[in-house]
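Counting from 7, one number per residue, gives the positions in the sequence shown under this note's numbering.
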Amino acid sequence: MISITYSHPGTILISVAITLSLLYQFFRSISLYVRRQKFKAEHGCQPVLHHYPHRDPILGLDYIRANLTALKHKNYLNTVTKRFHDIGATFDVRVINQPAIVTAEPENIKAVLALRFQDFTLGNRPQVMGDFLGRGIFTTDGNEWAHSRAMLRPNFVKEQVGDLKALERHVQNLFRLIPLNGSTVDLQPLFFRFALDSATEFLFGDSVCSLDQSAEANHNFGQAFNYSMGELALRFRLGPFMAFRRNKKATEAFSVCRTYVDRFVDDAMKYRQNHEMKDFEKEGNLFLQELAKTTDSKERIRDELLNILVAGRDTTASLLSHMLFEISRKPDVWGCLQKEASFLEGKPPTYQQLKEMKYLKFTVQETLRLHPPVPTNVRLCVNDTVLPVGGGRFGDQPIFVPKGCLVVYTVYAMHRRKDYFGEDVEEFRPERWEGQRHSWEYLPFNGGPRTCLGQQYAVTEASYVLVRMLQEYKALETRDLQPWTESLTLTVCSENGVKVVATPA
Ligand code: HEM
């Protein structure tokens, strides 16, 4: 006897839905595969030549472990540089389900940042930094970013950037903290305070004066800002685990910074409402005043100010610190610089005079080569795209980059490529820049549409400070014979600081 089992109509419906969904997924995968094959053929893409030699080829966690160990031993940047040596200038890596291309190849970096700019975004930066920075130039992509950039760009004009009188006050505060009695001073923390003081003056029209010990009231901001930067760096390292991080102290620090900045923004808004821009202009709050002209959103202005402060403070401090770290170990470079500055006869230089000092320019360039303040960076691919090299038998053919893939680029390693900078890449030698013109292989300020807005400002500031130091001190010599060790957060500085002894002129 035949027994017939009747299925419940609901069960049938679910089975049909599952089958249809599986079929849909299957056809989607096939169609994606076919589309990608066609795309690869059109662009002449070849398989990536070099691969990270995973010991754990399934999850790829060995790559994360190796990175964490290198970070712990303060040796991340050299580890990464050695990897490019051992594996190749472009290689792929996969951690869990996340594919990535890692590169120190100028042509590939140029494609990511400029030629194929539309195919990449900042990835998870908005999530990592959003609590602190809200939405501004440093945390947005697409139209929102373009709007920020258009709004901020006019503020980085020469007249603003070249205002050296404003800098001199902070230089004097810095000099007051450098002992002249032969005792050792660590310049690095002083440069961090200096960079905060000058950046807040530039942005808010009012410095936090963290170098001026009588200005106690503003020090809270400095401390809260430092804490906030540390928190952001940690969040980047936590990667996907960031979602589980709770830190009340960081929330408080973010709030202290926002409240502090709000004071200036409120002033700007009041002027805007009362149509008294003229008075505001007279007070010299140029940056804020320009922003207040372009938007009536208080949050927007505050977020942009904090974004720029984050972009500009530690980077400038890193440049100043590394420059003095290197020069204090090279009395011959100090001598050449002093000779070049002698035509000023002790007077503070003008913007134009700074521009004309060739050896000074080489010194800044060489510092940024050996110690790029933003040593490594990442972009997320949001449309299937192609990078020009890294594929085929010799690694000189284009490679396919699928949507969802990360591209990690390491300027620190690229700046140490012997094929571009010579055999002595590890040496600090400003003279190497004589007659040299580099393009995408030298990239301390990034390139393409998102190139650093503060480049001129930072170079002018660092050059000014250095010249003033050359005038103020006969010698500035290191008291630290250890080799340079990295201290890596979002930017890099020297783990052992910059310990020197100053001899007055
Ligand atoms: C030596 C000092 C500096 C270095 C090496 C440097 C380097 C960089 C780099 C590498 C980027 C690209 C970051 C990215 O897109 O992932 C960048 C962006 C930026 N920098 Fe700088 N920077 C310096 C100083 C400054 C200063 C002093 C300011 C402002 C006062 C500033 C403002 C900005 C802004 C607003 C951006 C975002 C540009 C955009 O996304 O459109 N930077 N900088």
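We put the CB at the ideal spot given by N, CA and C, even for glycine. These numbers come from a predicted model, not from an experiment.
Nearest neighbour of residue i, chosen from the options [CA to CA]
{"i": "L139", "options": "L325, P404, E305", "result": "E305"}
{"i": "L240", "options": "F231, S445, R251", "result": "R251"}
{"i": "M275", "options": "W151, E258, L294", "result": "L294"}
{"i": "L482", "options": "Y357, N149, E332", "result": "E332"}
{"i": "L311", "options": "V339, R335, C342, R269", "result": "R269"}
{"i": "V118", "options": "G396, S493, V504, V392", "result": "V392"}
{"i": "G428", "options": "R375, V370, H176, A120", "result": "R375"}
{"i": "L366", "options": "T257, E440, V395", "result": "E440"}
{"i": "D92", "options": "F247, R423, V413", "result": "R423"}
{"i": "K409", "options": "L55, P63, A106", "result": "A106"}
{"i": "E467", "options": "E447, H176, E111", "result": "H176"}
{"i": "L77", "options": "V506, T491, F400", "result": "T491"}
{"i": "A201", "options": "D273, I314, L38, K44", "result": "I314"}
{"i": "L244", "options": "D425, D272, N73", "result": "N73"}
{"i": "I70", "options": "N84, P63, V101", "result": "V101"}
{"i": "D486", "options": "S27, A152, L330, H153", "result": "L330"}
{"i": "G66", "options": "F90, F227, N103, A110", "result": "N103"}
{"i": "C263", "options": "S21, D273, N226", "result": "N226"}
{"i": "F400", "options": "G136, F368, T96", "result": "T96"}
{"i": "G188", "options": "R438, P436, T484", "result": "T484"}
{"i": "F126", "options": "K88, V431, N383, Q488", "result": "N383"}
{"i": "N81", "options": "S493, Q31, H444", "result": "S493"}
{"i": "E432", "options": "S213, F45, T87", "result": "T87"}
{"i": "R385", "options": "R41, I24, G129", "result": "G129"}
{"i": "T495", "options": "V267, P381, T356, L412", "result": "P381"}
Residues near residue i in its chain [Cβ-Cβ closer than 8 Å; skip 5 each side]
{"i": "S324", "result": "H377, P379, T497, V498, C499"}
{"i": "P510", "result": "L186, E478, Y479, K480"}
{"i": "A172", "result": "S204, E207, F208"}
{"i": "A120", "result": "G453, G454, P455"}
{"i": "P436", "result": "V339, C342, Y365, F368, T369, Q371, E372"}
{"i": "E346", "result": "M363, K364, Y365, L366"}
{"i": "D302", "result": "M275, R278"}
Residues near residue i by beta carbon distance below 7 Å, same chain, minus five either side
{"i": "Q344", "result": "L476"}
{"i": "Q194", "result": "S327, C499, S500, G503, V504"}
{"i": "T248", "result": "Here residue 248 turns out to be Met, not Thr, going by the sequence shown. Excluding positions up to five away in sequence, the list reads V134, R241."}
{"i": "L180", "result": "L196, F200, L217"}
{"i": "T2", "result": "Here the chain has residues from 7 to 511 only, and residue 2 is not among them."}
{"i": "F434", "result": "E332, K336, E372, L376"}
{"i": "S154", "result": "G142, I143, T146, E310"}
{"i": "E174", "result": "P354"}
{"i": "E447", "result": "P112, M420, R423, Y426"}
Cβ neighbours of residue i in the same chain (closer than 6 Å, five flanking residues each side left out)
{"i": "G318", "result": "A205, G460"}
{"i": "A259", "result": "A230, Y233, S234"}
{"i": "A464", "result": "T322"}
{"i": "F198", "result": "A323"}
{"i": "D98", "result": "V54, H57, I107"}
{"i": "K256", "result": "Rather than Lys, the amino acid found at residue 256 in this sequence is Ala. So the list reads E237, once near-sequence residues are dropped."}
{"i": "R278", "result": "A298"}
{"i": "V191", "result": "I184, P185"}
{"i": "D320", "result": "T497"}
{"i": "P450", "result": "L374, P378"}
{"i": "P132", "result": "T145"}
Residues sharing a beta bridge with residue i, DSSP
{"i": "I107", "result": "D98, V413"}
{"i": "A481", "result": "T509"}
{"i": "E305", "result": "None; E305 has no bridge partner."}
{"i": "L494", "result": "V498"}
Open item on the list: In chain order, what are the residue ranges of uninterrupted beta strand (DSSP E) at least 3 long that sit wholly in the stretch 364–423?
Closed with: 382–387, 391–397, 403–407, 412–416
Task: Stretch pair the stretch 45–59 + the stretch 463–476: three plus CB contacts closer than 8 Å - done: no
Task: Secondary structure, alpha helix (DSSP H): runs of 4+ residues fully inside the stretch 184–220 - done: 193–210
TODO: Inspect the CB distances between the stretch 391–408 and the stretch 34–54 and report whether three or more fall short of 8 Å.
DONE: yes
Task: Contact between the stretch 350–360 and the stretch 403–410 (3+ Cβ pairs under 8 Å) - done: no
Open item on the list: Does the structure place the stretch 147–166 close enough to the stretch 452–459 that three or more beta carbon pairs sit under 8 Å?
Closed with: yes
Task: Runs of alpha helix (DSSP H) lying entirely within the stretch 127–190, each at least 4 residues, in chain order - done: 131–139, 148–158, 164–167, 170–182
Open item on the list: Tell me whether the stretch 356–366 and the stretch 412–423 touch, counting them as touching only if at least three CB pairs, one residue from each stretch, are closer than 8 Å.
Closed with: no
Open item on the list: Going residue by residue through the stretch 33–100, where are the continuous alpha helix (DSSP H) segments of at least 4 residues, counting only ones entirely within it?
Closed with: 67–78, 82–93
Task: Runs of alpha helix (DSSP H) lying entirely within the stretch 419–478, each at least 4 residues, in chain order - done: 424–427, 461–478
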